[in-house]
Structures are given as structure tokens and as C-alpha cells.
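Take 1 as the starting number for the sequence shown in UniProt numbering and just add one per residue. Report on one structure; see the data block that follows.
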Amino acid sequence: MHQMTLAEIARGLADKKFSSEELTKVLLARITQLDPQLNSFISLTQELALEQAKAADARRANGESGALLGAPIAHKDLFCTLGIRTSCGSKMLDNFKAPYDATVVAKLAAAGAVTLGKTNMDEFAMGSANESSWYGAVKNPWNLEHVPGGSSGGSAAAVAARLLPAATATDTGGSIRQPAAFTNLTGLKPTYGRVSRWGMIAYASSLDQGGPLARTAEDCAILLQGMAGFDQNDSTSIDEPVPDYSASLGDSLQGLRIGVPKEYFSAGLDPRIAELIQNSIQELQKLGAVIKEISLPNMQHAIPAYYVIAPAEASSNLSRFDGVRFGHRCENPENLIDLYKRSRGEGFGTEVQRRIMVGAYALSAGYYDAYYLKAQKIRRLVKSDFMAAFNEVDIILGPTTPNPAWKLGAKNSDPVAAYLEDVYTITANLAGLPGLSMPAGFVDGLPVGVQLLAPYFQEGRLLNVAHQYQLHTDWHTRTPQGF
1 MHQMTLAEIA
11 RGLADKKFSS
21 EELTKVLLAR
31 ITQLDPQLNS
41 FISLTQELAL
51 EQAKAADARR
61 ANGESGALLG
71 APIAHKDLFC
81 TLGIRTSCGS
91 KMLDNFKAPY
101 DATVVAKLAA
111 AGAVTLGKTN
121 MDEFAMGSAN
131 ESSWYGAVKN
141 PWNLEHVPGG
151 SSGGSAAAVA
161 ARLLPAATAT
171 DTGGSIRQPA
181 AFTNLTGLKP
191 TYGRVSRWGM
201 IAYASSLDQG
211 GPLARTAEDC
221 AILLQGMAGF
231 DQNDSTSIDE
241 PVPDYSASLG
251 DSLQGLRIGV
261 PKEYFSAGLD
271 PRIAELIQNS
281 IQELQKLGAV
291 IKEISLPNMQ
301 HAIPAYYVIA
311 PAEASSNLSR
321 FDGVRFGHRC
331 ENPENLIDLY
341 KRSRGEGFGT
351 EVQRRIMVGA
361 YALSAGYYDA
371 YYLKAQKIRR
381 LVKSDFMAAF
391 NEVDIILGPT
401 TPNPAWKLGA
411 KNSDPVAAYL
421 EDVYTITANL
431 AGLPGLSMPA
441 GFVDGLPVGV
451 QLLAPYFQEG
461 RLLNVAHQYQ
471 LHTDWHTRTP
481 QGF
């Protein structure tokens, strides 16, 4: 059962080959047995999962149907879940039980999805390796000595190890796509505003976006269908009709114009990954796509701009965690200032503190114009580059990451080296565009991903291209040894 995709599970449940309760018990047992090797879960919700599975079976018995009805998933541990610990991978929120469900959680529950637990993550989604979690690093199932990527590494590792078929995740600068590439999964970051952020604990509000992590594009289409939609509780949610993402998966790629930015193939890209990307291009050409070289001239400025804007927003968002109303509180504070200082100093880890300090500096008097305002101007230039490119092509293709997954601890002493690994992903967040990573091969036994970017609200186009590619390749079917 654990080898089935979300689509296969939906068909199996519809054909009454097994029940949701049976499947849930199998996967919970598998998580209990195998997750100690991976550390991909922070919390298991066994009682809730069995209740939801029984309810889903009863709904099917009464004639209801639906691709997610009875399907087991997990949520990244920054989606608020009623009465269940929502920690954001931080000591600061270790004792926090959410008083409500995030919109994403509520929508998927209403569709009948079964929540197996909450997955591990970089603390407050700040990281590219899933090593900053207060609950310990997550291991990559393809090689337990390597990182799974971040910040959604727990969701990625759990799905890659076949502990469950799919999971929710979030992407602020590549935190869905990069873990997908590192663990041989398909991961989709939707257009900004496509998926509600209400109840999703914020890192950088103008960049964060929830999305699906799964093994196939078909599964991502199913999960995104349940997540997407307008939410009046979220002021950044866009009231745009949600198409049937599964309906367009079979469309032909004949005549599809694919742009390949020349800036992507610079000295920083591992030549073995470059070769795999070229192989992917050739495969898509066989399916009828037309390849065109394009340019994104302001891409070189994206990383410095991102690492001003994101920490600036983080410093503002995380100011609410002060030890007063909820979260970690220091022992015996001498006064209010001591309470703030020690609660935040004890509750936040090193990477979070680093980004808060950078952000506070960039927003301070005398530096706002020099740093934050300039970064926002660069952001506009990045967006303009994409708008110009999409006048010429339908999608943009390139590597998801410049290198395969690195060894645990290899970049801990050099945060900037880890930041540079986001070079291909952060531009989509700065511009608010949808992006997808799909499996494209292996380097030294470690997975490599190819990234696709599309115009606003064209998630269906990305899923269509990825699905057609996966019908003609088998990278996405490979399973890590031992799982």
C-alpha cells in the first residue's frame, strides 16, 4: 500500500479494494517503524487520523466520492491545526496548540483528507537544509548523511521515503521546489495568492506561499485542487476561479514554447546537473516543444535583494513572539525588558536570530532607503524580466538547484554558501510566479530536479508539462533503498 500514489489510492478507495482506515493503520505503523531514521515528523496525530479515516469510509459508503476522500497526508508544522501542537520547528512555539485550523487544513479536511501528523521543518521556515529545526535535522532518505533540503524537508523526506503519498509544504524562496529536487519528488509553488495564507504562520508575508509535495505531477494536481481558492480571511488571497488541474494533464505539448535563460548555465552550476537539464530539454523536444534561449538579466541581483526583503519581513512578523501572550517564556524575568530579551533569546535559534537582526538593520532609520527600498526596486526589475520573457515563451525551464544535496553540517559555518543554493528558485517568489520542480536524474546517487516557471495562474500548464514528461521518463518512480 505504501508504494501507491495519491491517484492510485483514490482509485483503490473508489473500487473498494481497501478502506481508508486500513490504509491509515498501515502508514501510521510504517511511520512509527521508519521515521526514527529520518526525523521527518514532529507530531503524529494517530487518534485524529483514525477518526478522519473512519469518517471518510462512512462518507464513501453513503455514496460520496472525491480524489482526496480518505487519502492520507501530513501538514508542514506551520499550518495551524486545531488543538494540535503547531511549532514551526521552534522552541518558541513548542507548547503552542493552535486554537483554529488554517484555511488549507480546513479545506483538505472538508475534502476528506486524513491528517497523519505534522512534519519537521527549518525553524520558522528559515533555511535550505532542514538543519535549523529545534527538533533536530531531517535526513535525506536517498542518503542519510545528506540534507533533504529546506525548509519543507520533513514533508519531502516523508513522501520520498513512502511514509505517505503527499504532504503540504510552503515556499518562501524555494522551500517546496528545492526539497523536491533533493528527494526526487514533484513540488509546486503556486502563484502568490492562489492558496490562502490564513493560519499559515508567516516568515515573509509577501513571499510565502503554500503548495503540494508529492511523487508525481498528477498527485500535485489532486492536492492543489483541494488547497487552492479564494479566502476572505486572507487579504492577499486572489479571487480567481480555480480550474480543474487534472483535466489538462493530458494536453499535447506540440508547439509549446520553452524558454531557457542563458544566465542559468553559469560557472556556479554543477556540469553534471547541466547535462541532465539538457537531457530533459531533449525529451520535451521529442514531445513537440520548441526551445528558445532567453535572458533574465537581473537574475544576478535576486539573491541580495531577497536576503534584504525576506529578513525585513521576518523581523516584523516575528516581533509578536515576545513571551507575553503565547509561546516560550523565560523563567523569573526581572522586568518587562528582561522578559522580552531572554524569552526571545532562548526561544529563537541561531539562524532565526541572524535573520531578525539583518531585517531590523535593513528597516532602521538611515538604512531603509539604502537597503530595503533598493531591494524592492530590484524586485520590480526581476518581475519585468519575467514579463518580457513570457511575451516570447510559454514556460521557462532550468535547473532547480546548482548542486545536489550536500552533507549534513557541510554549510553550517558559512550561511552565505547555503543562501547561494537558492539562486534559481527565489526569483519566482520575488515575482510571485508559479514554479514546479520535477525529477530529472541522479548525480552520485542523489536526485536532481528540473524547474519549470509559468505566467501567473498557469499552474495547470506546469502540471501538464510535468505529467507529459513523467509519462515518458521514469525518474519519479525510483525509490530510495531501504524504504
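The C-beta atom is built at its ideal place from N, Cα and C for all residues, glycine as well. Since this is a predicted model, take the numbers as computed values, not measurements.
Buried versus exposed, by CB contacts within 10 Å (16 or more), residue i
{"i": "R320", "result": "exposed"}
{"i": "Y100", "result": "exposed"}
{"i": "V195", "result": "buried"}
{"i": "E64", "result": "exposed"}
{"i": "H328", "result": "buried"}
{"i": "M92", "result": "buried"}
{"i": "K139", "result": "buried"}
{"i": "H467", "result": "buried"}
{"i": "A370", "result": "exposed"}
{"i": "T32", "result": "exposed"}
{"i": "Q285", "result": "exposed"}
{"i": "Q254", "result": "exposed"}
{"i": "V450", "result": "buried"}
{"i": "Q232", "result": "exposed"}
{"i": "P36", "result": "exposed"}
{"i": "R197", "result": "buried"}
Assigned secondary structure, residue i (DSSP; H/G/I helix, E/B strand, else coil)
{"i": "A180", "result": "helix"}
{"i": "G153", "result": "helix"}
{"i": "N335", "result": "coil"}
{"i": "A370", "result": "helix"}
{"i": "Q46", "result": "helix"}
{"i": "R325", "result": "coil"}
{"i": "G359", "result": "helix"}
{"i": "A67", "result": "coil"}
{"i": "N464", "result": "helix"}
{"i": "A365", "result": "coil"}
{"i": "T477", "result": "helix"}
{"i": "A158", "result": "helix"}
CB contact flag (residue i, residue j, <8 angstroms)
{"i": "I258", "j": "L397", "result": "yes"}
{"i": "P141", "j": "A166", "result": "no"}
{"i": "V114", "j": "A56", "result": "yes"}
{"i": "V416", "j": "A302", "result": "no"}
{"i": "F124", "j": "G149", "result": "no"}
{"i": "G193", "j": "A310", "result": "no"}
{"i": "G44", "j": "G154", "result": "A small correction: the amino acid at residue 44 is Leu; Gly does not occupy that position in the sequence shown. Cβ distance not < 8 angstroms, so L44 and G154 don't count as in contact."}
{"i": "Y264", "j": "Y419", "result": "no"}
{"i": "V443", "j": "R272", "result": "yes"}
{"i": "S20", "j": "G89", "result": "no"}
{"i": "R344", "j": "P333", "result": "no"}
{"i": "Q458", "j": "T216", "result": "no"}
{"i": "T401", "j": "E421", "result": "yes"}
{"i": "E218", "j": "I294", "result": "no"}
{"i": "G349", "j": "L339", "result": "no"}
Expected contact under 8 angstroms - CB spacing of residue i and residue j to nearest Å
{"i": "A111", "j": "G226", "result": "4 angstroms"}
{"i": "R177", "j": "S437", "result": "4 angstroms"}
{"i": "L27", "j": "L163", "result": "7 angstroms"}
{"i": "W475", "j": "N184", "result": "7 angstroms"}
{"i": "N429", "j": "D171", "result": "7 angstroms"}
{"i": "A305", "j": "R379", "result": "6 angstroms"}
Could you tell me which uninterrupted beta strand (DSSP E) segments, each at least 3 residues in length, are contained entirely in the segment 266-318, listed from first to last along the chain?
290-294
Every unbroken alpha helix (DSSP H) within the segment 163-248, with a cutoff of 4 residues, ordered by chain:
177-183 and 217-227
Every unbroken alpha helix (DSSP H) inside the segment 93-138 [4 residues or more]
The qualifying runs are 103-110.
For a minimum of 4 consecutive residues, which ranges assigned as the alpha helix (DSSP H) are wholly contained in the segment 380-457?
415-419 and 426-431
Please list the segments of the alpha helix (DSSP H) lying wholly inside the segment 3-38, counting only runs of 4 or more residues, in order along the chain.
6-14 and 20-38
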